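**Student:** Have a look at the structure that comes next, please.
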Amino acid sequence: MATFFSASCPSCGAKIDIQSQTTLMVACPKCQSNLLFNNNSLALSGEHSAILEDFSAIQIGSSGTIKNEVFQVIGRLQVQYHDKDDKQKVGGTWNEWYIQFNSGKTGWLSDSNGNYVYLEQLALEADKPLPLPAFHDITVGKEIKLSRTGYSFYACDIRNAVLLQNAVQGELPFIPKKDLDIRVVDARAEERFITLDYTDPKNLEIFVGFAVNFRQLSWQNLRSERDIQETAGELKGATQESKCPNCGGNIQWITGITENVNCRYCGSEIAIHDNVAELIKAHNLRAIQREAMALEIGQKAKIDGKEWTVLGMMCQSELEGDQTQLAIQNKMKKDFVTFSGDQWHEYLLFSFPDQFMWLVQSGPNDWAVSNTQNIWPKIGHNLRPIHPSGQQLPRLYDYGGRVKFAIGSFYYQVSPGDMTYYIDYGREDQKLSLEMTDNEMSWSRATSVSMKRLNEWFKDSGGLKQISPKAQSSLLAHSSDFHPKSNIATVFFIIFLVINIPIFLMDFEQFVISAIIVGVLLHAVNNR
36 MATFFSASCP SCGAKIDIQS QTTLMVACPK CQSNLLFNNN SLALSGEHSA
86 ILEDFSAIQI GSSGTIKNEV FQVIGRLQVQ YHDKDDKQKV GGTWNEWYIQ
136 FNSGKTGWLS DSNGNYVYLE QLALEADKPL PLPAFHDITV GKEIKLSRTG
186 YSFYACDIRN AVLLQNAVQG ELPFIPKKDL DIRVVDARAE ERFITLDYTD
236 PKNLEIFVGF AVNFRQLSWQ NLRSERDIQE TAGELKGATQ ESKCPNCGGN
286 IQWITGITEN VNCRYCGSEI AIHDNVAELI KAHNLRAIQR EAMALEIGQK
336 AKIDGKEWTV LGMMCQSELE GDQTQLAIQN KMKKDFVTFS GDQWHEYLLF
386 SFPDQFMWLV QSGPNDWAVS NTQNIWPKIG HNLRPIHPSG QQLPRLYDYG
436 GRVKFAIGSF YYQVSPGDMT YYIDYGREDQ KLSLEMTDNE MSWSRATSVS
486 MKRLNEWFKD SGGLKQISPK AQSSLLAHSS DFHPKSNIAT VFFIIFLVIN
536 IPIFLMDFEQ FVISAIIVGV LLHAVNNR
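Going by my numbering, 281 is the number at position 246 of the sequence shown; the sequence numbering is gapless.
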């Protein structure tokens with residue numbers, strides 16, 4: 036690909052080549068200075084870039100093909116952010132690769148946990164604004180009609196966050212800022228994808244594109260595992276160990292894959308930064324919860340010739356579906372959603388270089404393999420999926436899930452109390468599941484798997500552990516630290532005490548009799 040401009044870095048003198056006429060910033064590959072490009076000259080910005088451990092196989096100069104068009108990677112933006120409303124909730128890090136096609140057209144390749152999306156900016160006419168909803172009017176699952184494309188999209192990710200850092204490699208068509216409040220909505224329609232950036236209220240930016248399969252992009256000049264190891268210091272996929280900052284127990288994580296760990300001994304939430312464990316939130320996990328695990332963290336499976344590693348497990352308590360839906364829509368307090376008495380376990384597995392899947396155990400011998408879908412099903416009325424034949428998939432049931440506890444490492448922060456609303460469609464042995472939280476929506480496909488096959492997969496690492504009835508019953512008895520019915524009864528009893536303070540002062544005996552009667556009635560209601 037031809038070089039548009041060449042000069043020396045004003046900081047260290049290294050040669051800088053610029054390939055795109057839209058470039059406004061470039062990072063020096065030698066000293067990491069962020070340089071401003073204007074009027075065919077380079078100037079120091081006073082900022083430096085520090086890319087976090089670089090475990091991606093993509094690099095500046097990698098090339099590939101999208102829809103028969105050859106592209107080359109010319110820049111990279113690595114973003115760190117945290118939730119604006121809950122600063123203890125780690126937002127995470129993601130990469131945006133700036134690419135240029137042989138025709139001169141530019142776009143972005145975004146990667147997130149092994150799923151890739153290609154996007155390019157939609158040119159807008161100032162005198163012809165698009166009829167789009169305001170940011171505060173968009174909720175997860177809301178239909179967004181983009182007239183320029185002729186398609187309806189559904190909001191799948193709503194981010195009101197603060198950018199902590201923007202690290203740059205190569206060229207970018209803008210000058211990134213840090214400590215910036217961002218308001219961004221992602222929406223999907225089958226393989227199609229849009230991003231609506233509301234950060235600048237006077238300048239709405241729209242990006243349109245589609246999901247792509249990394250392995251089908253005909254890549255050239257990707258980094259080798261040895262290159263990754265030399266750059267990052269540790270090989271991507273290698274197991275690292277440290278001590279839990281809360282209890283001192285041994286914790287493990289997979290280098291370059293997982294940024295969040297839940298201690299297997301106390302359940303504390305831990306963030307991994309530069310291979311250092313930092314405590315986010317301390318917990319005290321009961322030993323009986325660990326004993327209820329059928330698979331161990333770090334256990335290996337051999338599936339169709341590929342090796343998979345168990346990274347983490349979360350236990351979810353089942354909730355009443357309608358109430359959960361109201362709770363994630365902020366129409367009902369989450370603490371008062373009714374617990375059904377059931378629960379299930381979800382195990383996260385990883386296979387090098389960037390594949391994830393879940394093993395879901397909903398009963399002693401009831402297991403399924405679940406995969407997040409990068410290409411969504413066609414959606415009809417009320418978000419109901421439509422089979423390729425044109426018929427709507429039959430709805431099975433809806434329910435909620437609240438994280439009881441989590442052990443091991445995950446590619447996002449998992450906290451006790453996290454709530455998700457689910458709707459299952461299809462057949463019991465092969466389900467398509469809609470998953471919704473207050474700011475995300477996704478689809479996953481789950482296929483039943485037999486105990487015989489599971490034990491074959493894990494036979495070289497000990498197979499599945501038999502859970503004792505005592506461990507199962509004890510865990511179920513403690514399956515909710517907070518039972519909404521009992522909490523409501525407590526609230527009403529406290530209200531009774533406050534209202535009847537005058538009776539307490541004038542006739543203590545009558546007060547005691549009334550309190551006993553009310554207590555018995557509330558206990559009976561609570562145990563219905």
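Even for Gly, the Cβ is constructed at its ideal location relative to N, Cα and C. Bear in mind the structure is a predicted one, so any value in this text is a computation, not a measurement.
Within 8 Å, do at least three Cβ pairs link the stretch 437-446 to the stretch 328-347?
**Tutor:** The answer is yes - the stretch 437-446 touches the stretch 328-347, with three or more Cβ pairs under 8 Å.
**Student:** Check whether the stretch 186-193 touches the stretch 96-103, counting contact only when three or more Cβ pairs, one atom from each stretch, lie closer than 8 Å.
**Tutor:** no
**Student:** So, is Thr-38 buried or exposed, given that buried needs 16 or more other C-beta atoms within 10 angstroms?
**Tutor:** By the neighbour-count rule (16 or more Cβ atoms within 10 Å), Thr-38 is not buried but exposed.
**Student:** Assuming Leu-70 contacts Cys-63 (C-beta within less than 8 Å), just tell me the rounded distance between them.
**Tutor:** 6 Å
**Student:** Keeping to the same chain, check which residues put their C-beta closer than 6 Å to that of Thr-436; ignore five residues upstream and five downstream.
**Tutor:** Residue 436 is actually Gly in this sequence, not Thr. Excluding the 5 residues flanking it on each side, Gly-436 has same chain C-beta neighbours closer than 6 Å at Gln-351 and Thr-455, in chain order.
**Student:** Give the C-beta separation of Val-404 and Ala-481 to the nearest angstrom, bearing in mind that I take them to be a contact with Cβ-Cβ under 8 Å.
**Tutor:** Rounded, the Cβ-Cβ distance is 7 Å, consistent with contact.
**Student:** Leaving out the 5 sequence neighbours to the left and right, which residues in its chain are closer than 6 Å to Gln-341 when beta-carbon positions are compared?
**Tutor:** Note on identity: in this sequence residue 341 is Lys, with Gln being the wrong assignment. Excluding positions up to five away in sequence, the list reads Ser-386.
**Student:** Mark Asp-221 as exposed unless 16 or more other C-beta atoms lie within 10 angstroms of its C-beta, in which case mark it buried.
**Tutor:** buried
**Student:** With distance defined between alpha-carbon atoms, name the residue in Pro-164, Gly-185 and Leu-207 nearest to Asn-238.
**Tutor:** Pro-164
**Student:** In this structure, does DSSP put Gly-356 in helix, strand or coil?
**Tutor:** helix
**Student:** Counting only runs that start and end within the stretch 406-493, where is the beta strand (DSSP E) found for 3 or more residues in a row?
**Tutor:** 430-445, 454-462, 465-471 and 476-484
**Student:** Could you please give me the residues that DSSP links to Trp-585 through a beta bridge?
**Tutor:** Outside the displayed span of the chain (36 to 563) sits residue 585, for which this structure offers no information.
**Student:** Between the stretch 250-261 and the stretch 197-211, can you find at least three pairs of beta-carbon atoms closer than 8 Å?
**Tutor:** Touching, no, given that fewer than three Cβ pairs across the two stretches are closer than 8 Å.
**Student:** Cβ of Val-114 within 7 Å of Cβ of Trp-132?
**Tutor:** no
**Student:** Going by the beta-carbon positions, is the gap between Arg-218 and Tyr-233 smaller than 7 Å?
**Tutor:** yes
**Student:** Please return the same chain residues whose Cβ sits closer than 7 Å to the Cβ of Asn-400, not counting the five positions on each side in sequence.
**Tutor:** Result list for Asn-400: Met-486, in chain order.
**Student:** Considering only residues of the same chain and omitting the five flanking positions on each side of His-513, which have a CB-CB separation below 6 Å?
**Tutor:** Note that His-513 scores 44 on pLDDT, short of 50, meaning its location in the model is unreliable; the coordinates nonetheless yield the value given after this. Excluding sequence neighbours, His-513 sits near nothing in its chain.
**Student:** Please state if the CB of Tyr-382 and the CB of Leu-330 are separated by a distance shorter than 7 Å.
**Tutor:** yes
**Student:** For the putative contact between Gln-135 and Gln-107, defined by C-beta atoms under 8 Å, what is the C-beta separation to the nearest angstrom?
**Tutor:** The Cβ separation is near 6 Å, so the contact holds.
**Student:** Could you tell me whether the Cβ atoms of Gly-356 and Tyr-434 are closer together than 7 Å?
**Tutor:** yes
**Student:** Should the stretch 486-501 be regarded as contacting the stretch 463-470, the criterion being three or more beta carbon pairs within less than 8 Å?
**Tutor:** no
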